[in-house]
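Here is the structure we will look at, set down as structure tokens.
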Amino acid sequence: MHSVPSPGMDGRQWLDSYQHRLADLTARADRARTALAGVDGTASSQDGAVTVTVVPGGALRRLVFSERSESLTRTQLAALVVETAARAQAEADRRVNDAVAPLLGADSEAMRVVRSQPGTPS
Numbered sequence: 045m046h047s048v049p050s051p052g053m054d055g056r057q058w059l060d061s062y063q064h065r066l067a068d069l070t071a072r073a074d075r076a077r078t079a080l081a082g083v084d085g086t087a088s089s090q091d092g093a094v095t096v097t098v099v100p101g102g103a104l105r106r107l108v109f110s111e112r113s114e115s116l117t118r119t120q121l122a123a124l125v126v127e128t129a130a131r132a133q134a135e136a137d138r139r140v141n142d143a144v145a146p147l148l149g150a151d152s153e154a155m156r157v158v159r160s161q162p163g164t165p166s
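For the working numbering, count along the sequence shown from 1 and bump the result up by 44.
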């Protein structure tokens, strides 16, 4: 596929090639959007006191405290929430990579851009 017509290619061939490429990119974008629609990450603390679910980017979707959390001080609980949220974020990032790598190509420039985003595993 040529992004610029080559000397040996007529305008109609180039336009057909360009339209085919555009349709392919649109289909890939639609598949990526669908694959990412339900992506989140969930993690629980080792003692089960805290469970956190975040969406890609780290926004909190769900936070659950079990009865075990009642024995923790506020400082301990806060630290446990932050630690557990970080692990949930790592899980969300992994799931984003897993969802889009087959669509973009694991070694593609587009995947390098995805992986370069803050918080995304490389």
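Here a beta-carbon is modelled for each residue, glycine too, at the ideal position from N, C-alpha and C. Note that the structure is a prediction, hence the values are computed from the model and not measured.
A residue is called buried when at least 16 other Cβ atoms come within 10 angstroms of its Cβ; V126 does not meet this threshold and is exposed. In the DSSP assignment, L116 falls outside any alpha helix (DSSP H), carrying neither H nor E. For D142, the number of other beta carbons within 10 angstroms of its own is below 16, and it is reported as exposed. Looking at the backbone, the Cα of T97 and that of R138 are separated by about 14 Å.
Going by DSSP, V157 is part of no beta strand (DSSP E) but of the alpha helix (DSSP H) stretching over 153-160. Excluding five sequence positions before and after D91, the CB atoms of its chain that fall closer than 6 Å to its own CB belong to R112, given in chain order. The Cβ neighbour count for Q57, taken over all protein chains shown within 10 Å, is under 16; the residue is labelled exposed. For S88, the enclosing beta strand (DSSP E) covers residues 85-88.
Shown here, V99 sits in coil according to DSSP, grouped into three states, outside any helix or strand. In terms of Cβ geometry, V140 and V83 form a close pair [threshold 7 Å]. A check of alpha carbon separations from V108 across V158, L124, E153, P146 identifies L124 as the nearest.
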